[in-house]
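K.L.:
If you scroll down you'll find the structure; I have some questions about it.
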Amino acid sequence: MLSRYLAFLLISWLTVREIESRSFTVDYDQNSFLKDGEKFRYVAGSIHYFRSPEERWESILQKARLGGLNTITTYVPWTSHQHLPAMDFNYKGNLNVFKFLKLAQDNDLLVILRPSPFIDAEWDMGGIPSWVLWENPDIKLRSSDLDYNYHVARWYDELLPRLKPFLYSNGGPIISMQVENEYGSVGCDKNYTSFLRDLLRHHLGNDLVLFTNDGAADPNLKCGSVPGVLATLDFGPEPLSEIKLRFDLERKHNNGKGPLVCSEFYPGWLDHWQKPHNKGKTTVVSTALDNMLEMGANVNIYMYHGGTSFGYMAGANLDGDMYDPCPTSYDYDAPLTEAGDPTEKYFAIKSTIAKYMEVPKENPVVKRKAAYGKVALELYTSVHDTEFLTLFAGRSIASSSALSFEQLKIGSGFALYQTPIDFKTSDPIVLKTPQLRDRGIVFVDEEFVGILSRTENNFAIPIRIKLGQTLTVLVENQGRIASGDAIGENKGLGNNITLGTRALHNWTIFPLGEIDGKKLLKYSQGLKDKSLQIKEDFFSAIRNRGSARFFAGNFTLPRGTSRDEILDTYVRLDGFNKGFIWINGINLGRYWPVVGPQETLYLPSTFLKPFPDTNTFIVFELEQAPNACLGIPAEYSGSSSVCYITMTDTHVIDAPTPYDGMTTRTSEERFWQRT
């Protein structure tokens, strides 16, 4: 018994000594990081835990380690962890950041954490929760505004103490944390960034290495750098001469010394709906990486695995005055595909890293995908249905103005606006919504009449409507701006709405918000059990085109398919126009195949149920469904008589788009430079 006790004491003492000896610091004189007192250089890759199912994390992390990385980098999206203003924080499922950190450490990976409040990442509102706009419409985001800083401090008071045990000095994997993110591109409020620095120091101590990251331009670093914090920058695969200039600039803002760091090195680039898929040439990427590593630089590859913006979380950007929403896929042409498979670029990068440090000999393989085939769908309800509106909006609000999403206290999703027409109209008459954000599906007495679209700056359409009829506009928030000065903009139908020369008032508004998939699944099953699905006659179906309709379909996987045998697949929605799709109550994200570049949606095997359990798809089509889904016979429509979607083994994220061949974006050679 005594020997056991002594052994326990010895192990405890050794563990404490090991933790006490762990350190990660910056040696400015040696232009290097020091890990446990020894020179250290990281080659890292960005992997967003919130863009993959929890069950896939370990596989992705293992592939990162096999690819030669010794470190991974991730953001912490505030809006996902605190989606509502109540102090009720979500760390479940694929938001369990602590489990992710532990898995990284278990797989011999260090972690660089970028803990918000702003992350960009093409995430909705750059990761800042939109409810901060409900609390104070005049709040100044990313500044020393007292209200904004109050919310940030409360978030950090919750998050940072939970992260402290994961610091490298405490035996965990976290070697450094970022202060803000590319702040020099939008502001120069040193009081704000110093406030964030001090919050991090207060909760995590003075020994943790902090850094900033900015675009590679002198004004950006002047405004983005913070006293006492390592300044770093980001850029893509530049020629060697340009890389040297970038690092000279970085050194300038670190008093002429310190380790060379590229905190975001772009192997690919983000996409936007309607615009061509971006790709980075493997040879160009690997050559630039080789040049940086030869210079002794520390590099983080952004992204190493891009993943998926499930649900409503895909953000948007502004290209001048053009609103550019991002697709569901965040593939990024990264070394690992959206599904986590290695690419040619993966192996080229591994070979490059192997020239400078030891890498594992084992290589991962591409996993087989399944073509599970067609799933028949049935029409079951409409967004106009009274029971649906009661259940999902919860209430209707009468207002003289078309209240914004923020005034309605909803973040993403939808709001339905209705107003009766109490005056005689011309025929046709122009409906104008100059402040619409972002897309409006227009109905007269529930009959589809047109689309208003911010992406095309189309804020006016002629319609036919008469005295006594009801105008309805279903407004979709297509994603909040993820970076720049416009991240705090309002969503909704907007102000100054006119029909002809008359201003429209007298609105009844249904704040649908983010339609909950689990509730939707239960509702659809209840309608089916009671045979209460809506039925449309032939002419009504033709007029409405399936707009603002919900379709559902059940299926089982092939006989004998166990949980371990389920494969990833991709969903095709041929004939559908634009909307959302759920599997078993899980929101796979937005689809918009008619404009591309994304035509299929990634469906991880972990979202599917094994045989003989029933799986259910629900499709919310906003604008136009296939004729077969409307009950129009094949002899009239010239198409299939069966309404269906398809599970295929091929992912299409580079389909033709309306902007193919046009010079409205930067060339591939400079695809990483932000506008």
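Residues -21 to -1, 1 to 654 in mature numbering (1 follows the signal peptide of the UniProt record, and there is no 0) are what the sequence shown spells out, letter by letter.
Beta carbons: idealized from backbone N, C-alpha and C, even for Gly.
Tell me the DSSP secondary structure of H284 in three-state form.
P.N.:
Strand.
K.L.:
Can you grab the Cα-Cα spacing for the pair F29 / D136, in whole Å?
P.N.:
Rounded to whole angstroms, F29 to D136 spans 21 Å at the Cα level.
K.L.:
Are the stretch 594 to 612 and the stretch 544 to 562 touching by the rule of at least three beta carbon pairs closer than 8 Å?
P.N.:
Enough Cβ pairs lie closer than 8 Å, so yes.
K.L.:
One question on the structure: do H27 and Y54 come within less than 9 Å of each other, judged by their Cβ atoms?
P.N.:
Yes; because the gap between Cβ atoms is below 9 Å, this pair is in contact.
K.L.:
Evaluate N199 with the Cβ neighbour count: other Cβ atoms within 10 Å of its Cβ, from every protein chain shown; 16 or more gives buried, anything less gives exposed.
P.N.:
N199 comes out buried.
K.L.:
Counting only runs of 3+ residues fully inside the stretch 8 to 88, write out the beta strand (DSSP E) ranges in chain order.
P.N.:
If we require 3 residues or more, the beta strand (DSSP E) runs fully inside the stretch 8 to 88 come out as 11 to 14, 17 to 19, 22 to 26, 50 to 54.
K.L.:
Across which residues does DSSP place K231 in a beta bridge pair?
P.N.:
Answer by DSSP bridge pairing: none, since K231 is not bridged.
K.L.:
Label residue 662 either buried or exposed according to how many other C-beta atoms from any shown protein chain fall within 10 Å of its C-beta, with 16 as the threshold for buried.
P.N.:
Outside the displayed span of the chain (-21 to 654) sits residue 662, for which this structure offers no information.
K.L.:
Note down the Cα distance separating L387 from L453, rounded to an integer number of angstroms.
P.N.:
Cα to Cα, the separation comes out at about 15 Å.
K.L.:
Can you tell me where the alpha helix (DSSP H) holding E323 begins and where it ends?
P.N.:
Run containing E323: 323 to 333, per the alpha helix (DSSP H) assignment.
K.L.:
State buried or exposed for L141, treating a residue as buried only when at least 16 other CB atoms are found within 10 Å of its CB.
P.N.:
The sequence given here has Arg at residue 141, not Leu. Exposed, because fewer than 16 other Cβ atoms sit within 10 Å of the Cβ of R141.
K.L.:
Quick check on R443: does DSSP put it in helix, strand or coil?
P.N.:
R443 falls in the coil class under three-state DSSP.
K.L.:
Just tell me which of L609, G532, I440, D213 has its CA closest to the CA of G352.
P.N.:
Looking at the Cα atoms, G532 is the closest of the given residues.
K.L.:
Tell me the DSSP bridge mates of L358?
P.N.:
F530, per the DSSP bridge assignment.
K.L.:
Taking the alpha helix (DSSP H) that L200 belongs to, which residues open and close that run?
P.N.:
Looking at the DSSP string, the run of the alpha helix (DSSP H) that includes L200 is 197 to 203.
K.L.:
Over what stretch of residues does the alpha helix (DSSP H) that includes W113 continue unbroken?
P.N.:
It spans 110 to 114 - the alpha helix (DSSP H) in which W113 sits, taken as one unbroken run.
K.L.:
Near A132, what residues of its chain come up, given a Cβ to Cβ distance below 7 Å and the 5 sequence neighbours on each side ignored?
P.N.:
Around A132: L178.
K.L.:
Residues bridged to P304 by DSSP?
P.N.:
DSSP lists A295 as partners of P304.
K.L.:
Do G390 and E273 come within 9 Å of each other at the CB atom, strictly closer than that value?
P.N.:
No, these two residues do not count as a Cβ contact at 9 Å.
K.L.:
Using a threshold of 9 Å, state whether the C-beta atoms of I39 and I91 are closer than that.
P.N.:
Contact: no.
K.L.:
Enumerated in chain order, which unbroken segments of the alpha helix (DSSP H) with a length of 4 residues or greater are wholly contained in the stretch 378 to 447?
P.N.:
With a minimum length of 4 residues, the continuous alpha helix (DSSP H) runs that stay inside the stretch 378 to 447 are 384 to 387.
K.L.:
Which residues in the same chain as L(-8) place their Cβ atom closer than 8 Å to its Cβ, once the five residues preceding and following it in sequence are excluded?
P.N.:
Bear in mind that a pLDDT of 49 at L(-8), under 50, signals an unreliable position, so the number given afterwards is only what the model happens to contain. There are no such residues.
K.L.:
Nearest to I153 by alpha carbon, out of L80, K169, T548?
P.N.:
Comparing Cα-Cα distances from I153 to each of L80, K169, T548, the minimum goes to L80.
K.L.:
Report yes if the C-beta distance between Y245 and Y283 is below 9 Å; otherwise report no.
P.N.:
No, they are not a contact pair.
K.L.:
Per the DSSP calculation, I153 is bridged to which residue(s)?
P.N.:
Beta-bridge pairing links I153 to V90, L146.
K.L.:
In its own chain, which residues sit with a C-beta less than 6 Å from the C-beta of P441, not counting the 5 before and 5 after it?
P.N.:
Answer for P441: P407, V409, listed in chain order.
K.L.:
Run through the DSSP bridge pairs and tell me what I376 is partnered with.
P.N.:
DSSP output for I376 lists I488 as bridge partner(s).
K.L.:
Could you tell me whether the stretch 190 to 210 touches the stretch 219 to 230, where touching means 3 or more Cβ pairs closer than 8 Å?
P.N.:
As far as the Cβ criterion goes, the stretch 190 to 210 touches the stretch 219 to 230, which means the pair count is three or higher.
K.L.:
Is it a yes or a no for the stretch 433 to 440 touching the stretch 301 to 320, going by three-plus beta-carbon pairs under 8 Å?
P.N.:
With a cut-off of 8 Å, the stretch 301 to 320 and the stretch 433 to 440 count as touching, because enough Cβ pairs lie within range.
K.L.:
Among L478, N456, G463, P144, which one has its Cα closest to the Cα of G299?
P.N.:
Out of L478, N456, G463, P144, G463 has the C-alpha closest to the C-alpha of G299.
K.L.:
For F145, which residues in the same chain have their Cβ closer than 6 Å to its Cβ, ignoring the five residues on either side in sequence?
P.N.:
Correct list, in chain order: L80, G151, I153.
K.L.:
What are the boundary residues of the alpha helix (DSSP H) that L601 is part of?
P.N.:
First-last for L601: undefined, no H or E at that position.
K.L.:
Is the separation between the beta-carbon of S242 and that of L212 shorter than 9 Å?
P.N.:
Contact flag set, yes.
K.L.:
Can you give me the start and stop residues for the beta strand (DSSP E) that Y210 sits inside?
P.N.:
For the record, residue 210 in the displayed sequence is Ala; it is not Tyr. Taken as a continuous stretch (DSSP letters only), the beta strand (DSSP E) holding A210 covers 209 to 214.
K.L.:
Taking 8 Å as the cut-off, does the stretch 483 to 498 touch the stretch 365 to 380 (at least 3 CB pairs, one atom from each stretch)?
P.N.:
As far as the Cβ criterion goes, the stretch 365 to 380 touches the stretch 483 to 498, which means the pair count is three or higher.
K.L.:
So G203 packs on E161, CB below 8 Å; how close in whole Å?
P.N.:
G203 to E161, Cβ: 7 Å. Contact.
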